[in-house]
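A.B. asks: Structure provided below as structure tokens; questions to follow.
Residue numbers (full-length UniProt numbering): 1 to 1010.
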């Protein structure tokens, strides 16, 4: 480990954040915890009351922490966390004159994803991921390598006199130089780090500030806004949660309006950080945050951008394609029992965007940390256009942005959110806005592909697991709100709405500015053999206290409808139905669950949710293309009717099993259910070896299980004489004429003697990790097929590695193998390529070596839904009750449903079809356009994107046509009047009026249009 790690692993590892229930003075806080050593914090917030202290506790024990938490004024005690990301610097190849004035002195950044685009195995020289010795989950989402403001037509609003004046915008980043020539209204620069400087030593913070508020060269959106620079990252890209908490408190004190945060990480359970973000937005701070640079994998959203009250921003390129690096949804907070929310909220340009250089000039960067300040600058500019600033809050701004966004064709909602930022349409909405509630998404259409993927990818049927859609309620009426009475389900009788049942759960309180509406949809029994479309809507009324109402107890109310449209098919045969076990998958956060491929040193944690719509998306798509119907089990095995399903699919399971689950599964398989298990590595010696120092908790982390929980899986399948080993293997091989790669998998230790077992020669990766030696092991059993002996009994298939069906770091897929296994389990058809394979060996008995045991002293019980702590070994909890849905009582309506559910949200008073666009004179912004020699530039005045004239110019033609007609009419009236007052003479030929020439010019698209 380097020297930095050595310093951190000392006394810093004993720092804890003590959060109080309110804001107290420094003297009061010290009295409450006088017996503890308080670490002084010297920053601008230290003179004001605070809601936390940083405490140094040597060798903290659970009892000492409980003593602190028992204090009536202390809310929570959590470890001090670190934000860290190493940035690479290389010379920029782009031509930059005259914007490269600092090239001789300035280092240029290049973007490198934490998830390599080419997922090739690292060589031995690169080592394993644990060799880096550190991990951080919240990091600066910095940029990769065009003036963007005029492309989004900010110049239209500038010409109207709106330039961001009067809006306070905070940039939380790496600082800003004092006399940078691009900025004229830097109100305050503050430093929250342990470095004694306010300047930007990296250039990232300067670039972000420039996109928002630069006044020259690469002009920002809001040059007259009031900039507040918060330096929260050191020159080594290091920060701590306590620095952010102090800086957030100071932002609240300074009444910041807009805050850009280009950081993120998967740890949505960093409670002090998440709670403080809620407090910020509750104080009317509009937070804009980058969604993450971990695309194109799904389930890679970063916090805080994945929070409902934050505007999460994804990236697109200048051809309106989703940027490859942009993280995808869904959120994973809600797993395993629920379903994720739609994120990002909006996308905008984040690839090759131009912004301010560190000292002067311009530069081009890419990344969602670029897209985020584009939206933050647009939000700042939009806020300055609203006369009644009380109407602007985090909810109303998000409502305006998502209602005005332009949907990108061929892209689903977990990639683009509500679409591409449209600045002018958002201006229209904000300036016609009345406080109200709205929904995201605003409708549910399970027939609309690809936007509604994955909902549209599989029809629903009687007896299937309910389809869950997690809808966000945005409440622009106030920071707090509630749902009046209960949501009402109203099926449309002419559209067969009575063929579906709907259950709705919702937030008891909408705070801050938002809440959830979880809609579960199932097919009624009378539609078991029916096929068709069913429609209805859920009606919700939201109430909020009236902030400026003189009448005590006054409320604002808003009623919204959620249209629902589903496709119903007859229940498929049992053999076509596959049940995915989600309940027994565990992830980071909160526990240390390591990656399944030990060679992936850049991505050590299993944090994507292991869901069929996140990192197993390709596998799900493949199964659907093969005609299988895939459902998700988010509850214990005791909670499903096994007679309905052909195969239970368990992949990469880390959770333990209730004894009742083991008993029921045995009974289910005896009655015809089949089981497929894809396991992963498990070896206690390797687990001890791959411990690492976590920069977040400042503690050494030991895995609580391996890639999979092999001891738990062995308990599950032991009744059939099966077991996995703790061997750790990798290597390339050929099976049934398919090239395969075994990535950190285990082997089969025991299998029934009448089963089919396939073995291959593989490298002993465990030996490589432990002793840095290489060896090839011959005849490693990796695949087993078994028909249970009972009459009508099911079949079992085991495979020791899941990486070949996991999108995270897959190098060679084995979907063909999954097809073959499903043919075996569903139809009892043994693939000849396996049964007659030359790699078939005698089933192992496992008598020569003991089975793997659980790691002594592991803390799996802290994160398990099955285990609970006991004196001695952890014991199973009582089996929880199965989820029970309370179906809403239908209130049928005898009316015809709308044929097209996709309409831009009509925010009560706003109809974009009737609101005229701003009428401004021809204006060319005084911003340097891209030169033709620059990569990707367009030869169009003002740098406006090609292909946009046909889309927009038609909306301005009626205005010019009307004005032109009035001018022509006036001309003829004047001529007629003159003719009556003068003697008759030869009438000259009338020349074409100059006004008509102007009209023709306008119609041909020569002037900037809206």
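Just so it is clear, CB atoms sit at the ideal spot from N, CA and C, and this is done for glycine as well.
(1) Cutting at 7 Å between CB atoms, please list the residues of its own chain near residue 539, excluding the five before and the five after it.
(2) Let's see if you can read the secondary structure: which residues bound the alpha helix (DSSP H) around residue 275?
(3) Spatial neighbours of residue 414 within its chain, please: CB distance less than 7 Å, with the 5 preceding and 5 following residues excluded, ordered by chain position.
(4) Could you spell out the range, first to last residue, of the beta strand (DSSP E) harbouring residue 745?
(5) From the DSSP output, in three-state form, read off residue 1030 for me.
(6) Roughly how many angstroms separate the alpha carbons of residue 483 and residue 545, rounded to a whole number?
(7) What's the C-alpha gap between residue 689 and residue 36?
(8) Thinking residue 300 and residue 312 are a contact (beta carbons under 8 Å), I'd like their distance in whole angstroms, please.
(9) Report the three-state DSSP secondary structure of residue 816 (helix, strand or coil).
(10) So, with DSSP's three-state summary, where would you put residue 637?
(11) Between residue 614 and residue 855, how many whole angstroms is the CB-CB distance? I'm expecting something under 8 Å.
(12) Taking one C-beta from the stretch 209–217 and one from the stretch 46–61 each time, how about it: are there three or more such pairs within less than 8 Å?
(13) Out of 659, 272, 210 and 14, point me to the one whose CA is closest to residue 20's CA.
(14) With a cut-off of 8 Å, do at least 3 Cβ pairs link the stretch 664–681 to the stretch 736–752?
(15) What's the C-alpha gap between residue 929 and residue 363?
(16) Does the stretch 850–867 come close enough to the stretch 770–783 to have 3 or more Cβ pairs within less than 8 Å?
(17) Could you tell me the alpha carbon to alpha carbon distance between residue 192 and residue 360, rounded to whole angstroms?
(18) Please state whether the Cβ-Cβ distance between residue 677 and residue 713 is less than 8 Å.
(19) For residue 800, which residues from the same chain have a beta carbon less than 7 Å from its beta carbon, with the 5 sequence-adjacent residues on both sides left out?
(20) I'd like the ranges of any alpha helix (DSSP H) spanning at least 4 consecutive residues and lying wholly in the stretch 316–396.
(21) Starting from the Cα of residue 658, find the closest Cα among 876, 763 and 76 and give me that residue.
(22) Based on the DSSP output, what are the partners of residue 1015 in its beta bridges?
(23) If you count every other CB in all the chains shown that lies within 10 Å of the CB of residue 764, and 16 or more means buried, which is it?
(24) Taking all protein chains shown into account, do 16 or more other C-beta atoms lie within 10 angstroms of the C-beta of residue 242, making it buried, or fewer, making it exposed?
(25) If we require 3 or more residues per run, which beta strand (DSSP E) segments fall completely within the stretch 720–786?
(26) Can you give the Cα-Cα distance for residue 303 and residue 264, rounded to whole angstroms?
(27) Please tell me whether residue 221 and residue 380 are closer than 8 Å, where the distance is taken between their beta carbons.
(28) Run through the DSSP bridge pairs and tell me what residue 537 is partnered with.
(29) Inspect the beta-carbon positions of residue 461 and residue 573 and report whether they are closer than 8 Å.
(30) Please work out which residues of its chain come closer than 6 Å, Cβ to Cβ, to residue 203, disregarding the five sequence neighbours upstream and downstream, and give them in chain order.
(31) Below 8 Å on the Cβ atoms is my guess for residue 579 versus residue 648; work out the distance and round it to an integer in Å.
(32) Please go through the same chain and pick out, in chain order, the residues whose beta-carbon is closer than 7 Å to the beta-carbon of residue 372, but skip the five residues on each side of it.
(33) On the DSSP bridge list, what partners appear for residue 511?
(34) Could you tell me the alpha carbon to alpha carbon distance between residue 458 and residue 624, rounded to whole angstroms?
(35) Nearest to residue 153 by alpha carbon, out of 179, 887, 374 and 618?
(36) What's the gap between the Cα of residue 873 and the Cα of residue 656?
C.D. replies: Reading from the atomic positions:
(1) Within the chain shown, the letter at position 539 stands for residue 539. So the qualifying residues of the chain are 487, 488, 490, 559 and 561.
(2) To locate residue 275, count along the chain shown from 1; it is residue 275. Its alpha helix (DSSP H) spans residues 271–282.
(3) Locating residue 414 in the chain shown gives position 414, counting from the first residue. If we look at residue 414 and ignore the five residues flanking it on each side, its Cβ neighbours are 298, 328, 329, 330 and 342.
(4) Taking the first residue of the chain shown as position 1, residue 745 is located at position 745. Taken as a continuous stretch (DSSP letters only), the beta strand (DSSP E) holding residue 745 covers 738–745.
(5) Shown here, the chain extends from 1 to 1010; a query on residue 1030 therefore has no answer.
(6) As a first step, residue 483 must be located in the chain shown, where it is residue number 483. As a first step, residue 545 must be located in the chain shown, where it is residue number 545. Each residue's alpha carbon lies about 12 Å from the other.
(7) Numbered from its first residue, the chain shown carries residue 689 at position 689. Numbered from its first residue, the chain shown carries residue 36 at position 36. If I take the Cα positions, the gap works out to 35 Å.
(8) Here residue 300 is taken as the residue at index 300 of the chain shown, counted from 1. Here residue 312 is taken as the residue at index 312 of the chain shown, counted from 1. Residue 300 to residue 312, Cβ: 12 Å. No contact.
(9) Position 816 of the chain shown, counting from 1, holds the residue named residue 816. Three-state result, residue 816: helix.
(10) Here residue 637 refers to the residue found at position 637 when the chain shown is read from its first residue. Shown here, residue 637 sits in a helix according to DSSP, grouped into three states.
(11) In the chain shown, residue 614 corresponds to position 614, counting from 1. In the chain shown, residue 855 corresponds to position 855, counting from 1. Contact doesn't hold; Cβ gap of about 27 Å is too wide.
(12) Remark: fewer than three beta-carbon pairs, one from each stretch, lie closer than 8 Å, so the stretch 209–217 and the stretch 46–61 are not flagged as touching.
(13) Numbered from its first residue, the chain shown carries residue 20 at position 20. The candidate whose alpha carbon is nearest that of residue 20 is 272.
(14) Under the three-pair Cβ rule at 8 Å, the stretch 664–681 counts as touching the stretch 736–752.
(15) Taking the chain shown and counting its residues from 1, one reaches residue 929 at position 929. Taking the chain shown and counting its residues from 1, one reaches residue 363 at position 363. Here residue 929 scores only 37 on pLDDT, less than 50, and its place in the model is too uncertain to base an answer on.
(16) The answer is no - the stretch 770–783 does not touch the stretch 850–867, with fewer than three Cβ pairs under 8 Å.
(17) As a working note, residue 192 is residue 192 in the chain shown. As a working note, residue 360 is residue 360 in the chain shown. Near 24 Å, if we compare the C-alpha coordinates of residue 360 and residue 192.
(18) As a position in the chain shown, residue 677 is number 677, starting the count at 1. As a position in the chain shown, residue 713 is number 713, starting the count at 1. Between residue 677 and residue 713, the CB-CB gap stays under 8 Å.
(19) In the chain shown, counting from the first residue as 1, residue 800 sits at position 800. For residue 800, where only same-chain residues beyond five positions count, the Cβ hits under 7 Å are 679, 724, 745, 746, 747, 748 and 782.
(20) Runs of the alpha helix (DSSP H) inside the stretch 316–396: 368–385.
(21) Working through the chain shown from its first residue, we reach residue 658 at position 658. For residue 658, the nearest C-alpha among the options comes from 876.
(22) The requested residue 1015 is not part of the displayed model; the chain covers only 1 to 1010.
(23) Residue 764 sits at position 764 when you count from the first residue of the chain shown. With 16 or more Cβ atoms within 10 Å of its Cβ, residue 764 is classed as buried.
(24) On the chain shown, residue 242 is found 242 positions in, with the first residue counted as 1. In summary, residue 242 is buried, with 16 or more beta-carbon neighbours lying within 10 Å of its beta-carbon over all protein chains present.
(25) Within the stretch 720–786, the runs of beta strand (DSSP E) at least 3 residues long that lie entirely inside it are, in chain order, 729–735, 738–745, 748–750 and 756–764.
(26) Taking the chain shown and counting its residues from 1, the one referred to as residue 303 is at position 303. Taking the chain shown and counting its residues from 1, the one referred to as residue 264 is at position 264. Approximately 5 Å between the Cα atoms of the pair.
(27) By one-based count along the chain shown, residue 221 stands at place 221. By one-based count along the chain shown, residue 380 stands at place 380. Closer than 8 Å, so yes.
(28) As a working note, residue 537 is residue 537 in the chain shown. In DSSP, residue 537 forms a bridge with 490 and 563.
(29) By one-based count along the chain shown, residue 461 stands at place 461. By one-based count along the chain shown, residue 573 stands at place 573. Their beta carbons are not under 8 Å apart, which means residue 461 does not touch residue 573 by this criterion.
(30) In the chain shown, the residue the question calls residue 203 occupies position 203. Result list for residue 203: 358, in chain order.
(31) The residue given as residue 579 occupies position 579 in the chain shown. The residue given as residue 648 occupies position 648 in the chain shown. Contact flag correct, Cβ pair sits at about 5 Å.
(32) Locating residue 372 in the chain shown gives position 372, where the first residue counts as 1. Taking C-beta separations shorter than 7 Å and ignoring five residues to either side along the sequence, the partners of residue 372 in its chain run 260, 262, 288, 289, 290 and 313, following chain order.
(33) Position 511 of the chain shown, counting from 1, holds the residue named residue 511. Residue 511 is not bridged to any residue.
(34) Against the chain shown, residue 458 aligns to sequence position 458. Against the chain shown, residue 624 aligns to sequence position 624. Our two residues, residue 458 and residue 624, have alpha carbons roughly 8 Å apart in a direct line.
(35) Start at 1 with the first residue of the chain shown, and residue 153 comes out as number 153. Nearest option by C-alpha distance: 374.
(36) As a working mapping, residue 873 is identified with position 873 in the chain shown. As a working mapping, residue 656 is identified with position 656 in the chain shown. Residue 873 and residue 656 have their alpha carbons spaced roughly 13 Å apart.
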